[in-house]
Each structure stands twice: as C-alpha cells, then as structure tokens.
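Numbering (my numbering), first residue to last: 23 to 419.
We treat Cβ as the ideally placed atom computed from N, Cα and C, and that holds for glycine.
To start, the structure under review is shown below, and the notes come after it.
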Amino acid sequence: MASLAYVLLLSFLATLFASTLQDDSLEYKPKPLSSYLPSNYKKVLNTIDSCWRTESNWATDRRALADCAVGFGQAAIGGKYGKTYVVTTPDDDPTDPKPGTLRYGAIQTEPLWITFDKDMVIKLENELMINSFKTIDGRGSNVEITDGPCLKIECVSHVIIHGISIHDCKPGKRGLVRSSPTHVGQRRGADGDAISIFASSNIWIDHCYLARCIDGLIDVIHASTAVTISNNYFAQHDKVMLLGHNDEYTADKVMKVTVAFNHFGPGLIERMPRVRFGYAHVANNRYDEWQMYAIGGSAGSTIFSEGNYFIAPDISYAKEVTKREADGGWKNWKWRSSFKDVFMNGAYFVQSGYGSCAPLYSKAQSFVVFPGTMVPSLTSDAGPLSCVVGQPCRHGI
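Printed below as a string of structure tokens:
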C-alpha cells in the first residue's frame, strides 16, 4: 500500500508540473528595469545642470553654459567669446559649404556659438570637420544629424557639442572635404562614428542622444585628452565608447576623460567605455543592462568607477561589469570601484591594482560625486532637453 501511495503521489506531482508548464501565467518573466530603481526619490539636478538649468533666460544668455563643465573637459570654452552663427538650412556641401549651413559655421577659424533657427534633420554628404573654438548648441530646436557621415573633431581644441541627436551614422566616402575657409583636403572616408575625437583637447559633449551607428558612438583617440562626456543618452548600439586608439599606440597615455551623469539605456552591448593606456573617471552614470560587459579595457589603462548605478542583464554569464582584454598580467592595472557604486540584479565589478586612483582634478575641475542610489534622479534628464524661450529647459526625450 505504501508503494502504491508513493506511485500515486509521483503521478500527481508529474501532472501538476505538466499543467504548470502549460500555464502562461506561471512562466518566468524577467523583472522590469523599474523594479531595480528607487520607487521614491526626490528630483535632483546634477552638478552640471544645476549650474544653468534653473534659469529661464538661457536663450539670451546661452554662453553661460560654457562655465558649467566639470571634470577633465572643464576648460572647454567652445565659442564663448565669439559671435553667434545661426544655422538656417539642413543643406550640405563638403567642399563649398554655403552660409547658413552647419558646415559653413563649423569650419570657420574664428570662435562661433552655433545655434539653429528651427527644427531640422541634417544628412551630411561627408564627415563634418569641426574647427577650434566652436559650440554647436541645439537648445530651442529639435536637431538631428543622421543617415550619413557624422562629426569629426580632429587636431583642434575647445569644442562643445550640446543638445543634439546623432544617430544612424554611416561611413563616409573618399573625397575632398573642407576643414577651414582656406583648406580642402582629401579624406579617406569616415568609419561611421557619431562623434570621432582625434588628437584634440578641451572637448565637452553634453546632453546629446546617440544611437545605432555603423562604428562607435564616441571615439576618443590619438592622444586626445581633457574630455568630458556628460548627460548623454546612449541606446541601441554595440561598441558604444572607445577611449584609446589601439594597444600599440602609447601616446594615448596622456588621455584623461570624465564620463559622468550619462544614461546608458536599452540595447547596448559593450564599451561603456573601453579604455586603453589612459585614465577614465566614470562617475554617476546609469547602466540599464548590457549584453557583454559595461566597462572594459586593455594596455594598462586606469579606471575609477564612482557612484554608478549598474543593473546587470538577465544573462547568467554577463553579470560582470568589467572585461579586461588581456591574456594575463592585468593584476596591477588600477581598476577600482568606489563604495558609492550600486550593483543590482547580480552585477559585480572585478577590481585590480593597489592604492588610490582617484582623479587628480584641479579645484575648477572637481565636482561632488553622489552615492549611486541618487543616480536614477541625477540622470533622469539625460539626452537633449526641451527648451522653450522664457522657461527653464526641461526633460526632452
């Protein structure tokens, strides 16, 4: 009788298990990302936004923005001391740009603060070479650069790009491209990056939307340094951000980049960022899952993760935040995670190296890094903002 009861029990359990598999209401469903975010948090502007976003006179005092950068790109002044140049048409000519086009303003040798008189979608015919002391300021208009080659910052300094969407960028074609009023040069064709920063310094990329490009979203290479990448919204892309040219290009040891207050959104796979040789301070960023890893690098790079909010994907083998591109010998690389970092859904950071690797900021560059628990609030307005004349700029995308 006991054995019969045991058989009947097994039969009952098997039937119950089978019915459970057929019951859609009981199948495994991943938690929504919102379940990993604080349910009640007070809206707080981050250090950069609190510098200018509370003011309603942004349209008449645009240059106040140039005083608000922090981190290694803090000194970037863009076109602060230049005239205002207004883009009036999305047209483009790589060799003979006409007044009123974005390219005409971007290549001038004089400092310029570039704005847009209306919403526009710009399809560039070839990569756009941006000259020194330029600000591209999209506030007040919905500006998209898309479906062609995109932005090149090469061998220049003091460039600010703020408040525009750059997406679906494609490789450029070999041909002539004008880089100044007096110089037209042969170009080999862009790789398909959204923004390529090459041998340049004092660069600030803020409040942009970047997604779905053929190559990277932002590259900082060939001994570029003094760069801040902040308040941007990244989405739907594989290789997001490359800092350092390759594992043989030792000149990138001078590179110093601040990556702060960005929202790494859905559909991203890797390189948020990937660092070679140089130094990256990665602070108060929000990571909404990744498919391979979040922060990686090689060639003895130094990375300080401070106050970030990491939500790991529902992939068992991809919970690690970090990835080192090396067969071995990386134990002395300084990759450190601050006690302010927050790790959700099984995320974890593999540390290495000894001693402090905090950024040696000057007083002007330094800023308060908040605990990671505040990051969902600090990054909630990442990407282009909605700016109406006479009102403070508010959340856009």
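Identify the residues that DSSP records as bridge partners of residue i: which are they?
i    : result
W312 : Paired residue(s): none; W312 is not in a bridge.
Q208 : L198
L400 : Per DSSP, none; premise fails for L400.
Y107 : I136
T82  : None, per the DSSP bridge assignment.
Y14  : Given that the chain is displayed from residue 23 to residue 419, the structure contains no residue 14 and the question cannot be resolved.
R416 : S408
I152 : None; I152 has no bridge partner.
E166 : V143 and S187
I243 : F220
I158 : I136 and I183
I225 : V181 and V249
With the cut-off set at 8 Å, would you say residue i and residue j are in Cβ contact?
i    : j    : result
I167 : I144 : yes
C235 : A216 : yes
D241 : S218 : yes
F19  : N307 : Outside the displayed range of the chain (23 to 419) lies residue 19, so it cannot be described from this structure.
Y126 : N367 : no
H180 : G100 : yes
N284 : T395 : no
A369 : A334 : yes
V109 : L87  : no
Y315 : K353 : no
P414 : R85  : no
G185 : L407 : yes
G289 : H259 : yes
G300 : V262 : no
P133 : E149 : no
C73  : D89  : yes
I158 : I188 : no
S323 : V297 : yes
Y271 : Y255 : no
G211 : R200 : no
S13  : G412 : The structure shown does not extend to residue 13, since the chain is modelled only from 23 through 419, so no value can be given for it.
I70  : A98  : no
I337 : Q313 : yes
List the endpoints of the continuous alpha helix (DSSP H) containing residue i.
i    : result
S72  : D71 to W74
A128 : L124 to A128
Kindly indicate the opening and closing residues of the beta strand (DSSP E) around residue i.
i    : result
Y231 : Y231 to A233
H189 : S187 to H189
H259 : H259 to K261
L173 : L173 to E176
Residue i: which of the options sits nearest, CA to CA?
i    : options                   : result
P295 : P288, R308, H244 and V281 : V281
Y174 : A404, C191 and G162       : As written in the sequence, residue 174 is Lys, which differs from the Tyr given in the question. Ranking the options by Cα distance to K174, first place goes to C191.
W355 : A369, V343 and G375       : G375
K53  : D310, I183 and H285       : D310
G93  : W135, T401 and Q387       : Q387
K102 : D403, K65, P112 and K156  : K156
I251 : I227, Y231 and A257       : I227
S202 : R416, G289, D118 and A257 : D118
A302 : K278, I333 and R293       : K278
A321 : S360, A273, R161 and Y339 : A273
R293 : E347, A248, V178 and I158 : E347
D115 : E77, T69, V206 and D71    : V206
D113 : Q96, R85 and E147         : E147
D363 : T344, G329 and Y339       : G329
D139 : A81, V178, Y231 and A380  : A81
A305 : F299, G319 and R358       : R358
I243 : N253, I225, C230 and Q258 : I225
A248 : Q208, I158 and V276       : V276
C177 : N253, Q208, I158 and S246 : S246
K64  : E342, P398, H229 and R416 : P398
G418 : G104, G160 and E270       : G160
L198 : T204, H189, R209 and I188 : R209
F392 : L55, P60 and N68          : N68
G420 : T204, G214 and I182       : For residue 420 there is no data in the structure shown, the boundaries of the chain being 23 and 419.
D169 : R196, T111, H229 and A233 : A233
F371 : L265, A340, P60 and T111  : A340
C409 : T106, D141 and I337       : D141
L264 : A257, N253, G318 and Q313 : G318
N253 : F332, I291, D269 and I183 : I183
R416 : S384, V66, S56 and T204   : V66
Beta strand (DSSP E) runs wholly inside the segment 264-350, at least 3 long, in chain order
278-282, 290-292, 296-298, 301-305, 308-310, 317-320, 324-328, 331-333 and 344-346
Every unbroken beta strand (DSSP E) inside the segment 349-402 [3 residues or more]
357-359 and 364-366
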